[in-house]
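In what follows, a single structure is set out as structure tokens and then discussed.
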Amino acid sequence: MRYPSVSLHRQSNILLIRSFMLLFLSCVTIRIKLCFSSIPYTLKALPLDGHFNFDEVHLSAKDFGNRYQFLPVAVLHPKSVSDIATTIEHIWQMGPHSELTVAARGHGHSLQGQSQAHGGIVINMQSLRGPYMQVYPGNSPYVDVSGGELWINILHESLKFGLAPKSWTDYLHLTVGGTLSNAGISGQAFRHGPQISNVHQLEVVTGKGEVVTCSEKQNSDLFHGVLGGLGQFGIITRARILLEPAPDMVKWIRVLYSDFSTFARDQEKLISAAENTFDYIEGFVIINRTGLLNNWRSSFNPQDPVQASQFKSDGRTLFCLELAKYFHLDETDVVNQVRHALAHHQGRFPKEIENYMSQLSYITSTLFLSEVTYIEFLDRVHVSEVILRSKGLWEVPHPWLNLFIPKSKIQDFADEVFGKILKETSNGPILIYPVNKSKWNNRTSAVIPEEDIFYLVAFLTSAVPSSTGTDGLEHILTQNKKILEFCETAHLGVKQYLPHYTTQEEWRAHYGPRWEVFVKRKSAYDPLAVLAPGQRIFHKAITFS
Ligand code: FAD
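Counting along the sequence shown from 1, when you hit position 317 you're at 311 in our numbering, and nothing is skipped either side.
Next comes the structure, spelled out in structure tokens:
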């Protein structure tokens, strides 16, 4: 009997190994293909009131920031909370073998892909309309709304009862779930706290597909975790929001300062006053020039005394204090006084406002005054949106940078940033205003500086597409980087609002001592890291077995 030669033996071994490898590789490929191609089929089989869309997914790979695009495999248009729970439970059941993740998309006004899900499922929260908004008037009024509801719709509905939410964002075409996942701040926050301080109860679908009702008293860890939780612990499907009697009209005031410390001192005086001075306190910085996008809040249309309209900024860095006082139309006395004030050049106010204004140290010839309805005031940014859209300037890249800066460091920040790093106001406003930490609940997931008073400084820049100049994306990103580097090296104790980081080390530093609680909550409510992958805090661990 002849035995095969050694070389023949080796050849057949090689062949065997090769075919084994081919078989292995094709198995892996088939498995991966099966894994991907079978996803839509298993999803298609789910019993839903709404539906999945597997074709028109491109819109969900876009956001307001206009810089990041991650295509999902499917978009869920839920008609009920159970649609969301069924979908997430299905993914939970698939376990770590599936790489499917889920992003709730409010109105997609994120800046760096936070409401997107690469190869995952995007839930279009605005489809979830039912049960419809329900206002409960009474001694402690509130409204129950869907997590996908826009704040502008809540305003219109609650006004039918003479009521309105207490705390706002500057722009109302954002969803409840989207702003509650961050904080939701505006000029009312100094008094009422952010929007996350004005919620009584939430209904949440966790990363395991459980539907949980939570509040300060019931499942409070989940309640606090979800508020400011960047979508990490559950999808907000319903929220109970506190209301207050709504005013009819607003006196809207702007005054200018050329000295930052005087401006900041006045802002802090106003937010710390024991009595109710103004209902809204913000401010912004004007550096060197004003372009079209700086008139972003162009709904402000002052009926100025002659002196103020003739004020010229002459390229100086100026700080504008923006104030609002609400009033009811039946307060005819007040109205008459305001009319009187508007009609006269010296800008006289009703007594109480005159009193507050007399304690401020603005440049006296720079008092700008306007009177608008409450809706006009709250929805002011939408006016600018319409104008910018008509000029094709809304859907441009928005390399925004939002920072919380401790009061003790705001002067250092201003000295370095306004005029040195930023030599001119770029396209878009730079907001700056202080808030009181006592109005924030430290059990929520929102991250803020340690001090009792801290400032929001928001660089709300729009980049001009294809520009390589100072209004181009690259230039603005470089400026943002310089600002962040300065904060870091000067140890200002700054925290990012609407934070964006790319590594877990950076997230750990962002949360500081609260990181441990954050991780613990993640493992309790979304152990597979299915939710909000676009925040890039946790990554779903996949096992191929
Ligand atoms: P999305 O961008 O769709 O979602 C934001 C994050 O929340 C994502 O991670 C998403 O997955 C998650 N999410 C969305 N819905 C839910 C839900 N139901 N449950 C759980 N997680 C969810 N912010 C302020 O605080 N104050 C302001 O004055 C302010 N002004 C703004 C003005 C403009 C023009 C824009 C574009 C933004 C402004 N923002 C402001 C920022 C805003 O709060 C955030 O962009 C926020 O993301 C809200 O947008 P959205 O509803 O479109 O949510």
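All residues carry an ideal CB built from backbone N, CA and C; glycine is no exception. Predicted, not measured: the structure shown is a model, and the values here were computed from it.
Worksheet item: How far does the beta strand (DSSP E) with N396 in it reach, from first residue to last?
Response: Where N396 is concerned, the enclosing beta strand (DSSP E) stretches over 395 to 400.
Worksheet item: Straight-line CA distance for V532 to T207?
Response: Residue identity check: residue 532 is Phe in the sequence provided, not Val. Taking the straight line joining both Cα atoms gives about 25 Å.
Worksheet item: If you count every other CB in all the chains shown that lies within 10 Å of the CB of V380, and 16 or more means buried, which is it?
Response: Counting the other Cβ atoms within 10 Å of the Cβ of V380 gives fewer than 16, which makes it exposed.
Discussion item. Below 8 Å, how does it come out for the stretch 514 to 524 and the stretch 213 to 227: are there three or more Cβ pairs, yes or no?
Written reply: Between the stretch 514 to 524 and the stretch 213 to 227 there are three or more C-beta pairs closer than 8 Å, enough to call the two in contact.
Practice prompt. Between the Cα of G528 and those of P41, T95, P34, F48, spot the shortest distance and give me the residue it belongs to.
Written response: Ranking P41, T95, P34, F48 by Cα distance to G528 puts T95 first.
Worksheet item: Roughly how many angstroms separate the alpha carbons of P90 and L492, rounded to a whole number?
Response: Cα-Cα distance, rounded: 29 Å.
Discussion item. By the DSSP assignment, the beta strand (DSSP E) with N47 in it spans what residues?
Written reply: For N47, the enclosing beta strand (DSSP E) has its first and last residue at 45 to 47.
Item to complete: Quick one: residues in its chain with C-beta nearer than 6 Å to the C-beta of F569, no 5 flanking neighbours on either side, listed in chain order?
Response: Outside the modelled stretch of the chain, which goes from -5 to 539, sits residue 569, for which no answer is possible.
Discussion item. Under 7 Å: does the beta carbon of I85 sit that close to some heavy atom of the ligand FAD?
Written reply: No, the ligand FAD has no heavy atom inside 7 Å of this Cβ.
Worksheet item: Once you ignore the five residues that flank T311 on each side, which residues in its own chain have a CB closer than 6 Å to its CB?
Response: The beta carbon of T311 sits closer than 6 Å to the beta carbons of I281, F412, G413 from its chain, once the five residues preceding and following it are set aside; these are given in chain order.
Discussion item. Which residue marks the beginning of the alpha helix (DSSP H) containing G219, and which one marks its end?
Written reply: Bounds of the alpha helix (DSSP H) holding G219 are 214 to 220.
Fill in: Euclidean distance between Cα positions of N118 and S140
N118 and S140: Cα-Cα distance of roughly 12 Å.
Practice prompt. Return the Cβ separation of D138 and R234 in integer angstroms, given the expectation that the two are a contact with Cβ distance under 8 Å.
Written response: Confirmed, about 5 Å.
Discussion item. Is the separation between the beta-carbon of D273 and that of Y368 shorter than 8 Å?
Written reply: Not in contact: D273 and Y368 (Cβ atoms no closer than 8 Å).
Worksheet entry | N421: CB within 7 Å of a non-hydrogen atom of the ligand GDP | This structure does not include the ligand GDP; its bound ligands are the ligand FAD.
Worksheet item: Roughly how many angstroms separate the alpha carbons of G228 and R515, rounded to a whole number?
Response: Each residue's CA atom was taken as its position, placing G228 and R515 some 10 Å apart.
Worksheet item: Does the ligand FAD have a heavy atom nearer than 7 Å to the CB of A177?
Response: Result yes, Cβ under 7 Å from the ligand FAD.
Worksheet item: Is F532 helix, strand or coil when you go by DSSP?
Response: Correct three-state label for F532: coil.
Item to complete: Pick helix, strand or coil for T173, following the three-state DSSP scheme.
Response: T173 falls in the helix class under three-state DSSP.
Worksheet entry | Three or more C-beta pairs below 8 Å linking the stretch 454 to 462 and the stretch 383 to 396 | Three or more Cβ pairs drawn from the stretch 454 to 462 and the stretch 383 to 396 lie within less than 8 Å of each other, which places the two stretches in contact.
Worksheet item: If we ignore side chains and look at the alpha-carbon of each, how far apart do K202 and H71 end up?
Response: Looking at the two C-alpha atoms, the distance is approximately 19 Å.
Worksheet item: Taking the DSSP output, what are the residues bridged to D164?
Response: DSSP lists no beta-bridge partner residue for D164.
Worksheet item: How is W290 classed by DSSP in three states: helix, strand or coil?
Response: The predicted position of W290 is uncertain, since its pLDDT is 37 and thus under 50; no value can be drawn from it.
Practice prompt. Tell me whether L19 sits in a helix, a strand or coil according to DSSP, three-state version.
Written response: Note that L19 scores 43 on pLDDT, short of 50, meaning its location in the model is unreliable and no value can be drawn from it.
Worksheet item: With a CB to CB cut of under 6 Å and the five nearest residues on each side skipped, what residues in its chain are close to N289?
Response: Note that N289 scores 48 on pLDDT, short of 50, meaning its location in the model is unreliable; the coordinates nonetheless yield the value given after this. Same-chain partners within the cutoff: there are none.
Worksheet item: Under a three-way DSSP split, which group does L196 fall into?
Response: L196: strand per DSSP, three-state reduction.
Worksheet item: Hey, out of A523, I447, E510, whose CA is closest to G487's CA?
Response: Looking at the Cα atoms, I447 is the closest of the given residues.
Worksheet entry | Rounded straight-line distance, which links the Cα of L361 to that of L525 | About 48 Å.
Discussion item. Is the beta carbon of P66 closer than 8 Å to that of V546?
Written reply: In the structure as shown, the chain begins at -5 and stops at 539. Residue 546 is therefore absent and cannot be evaluated.
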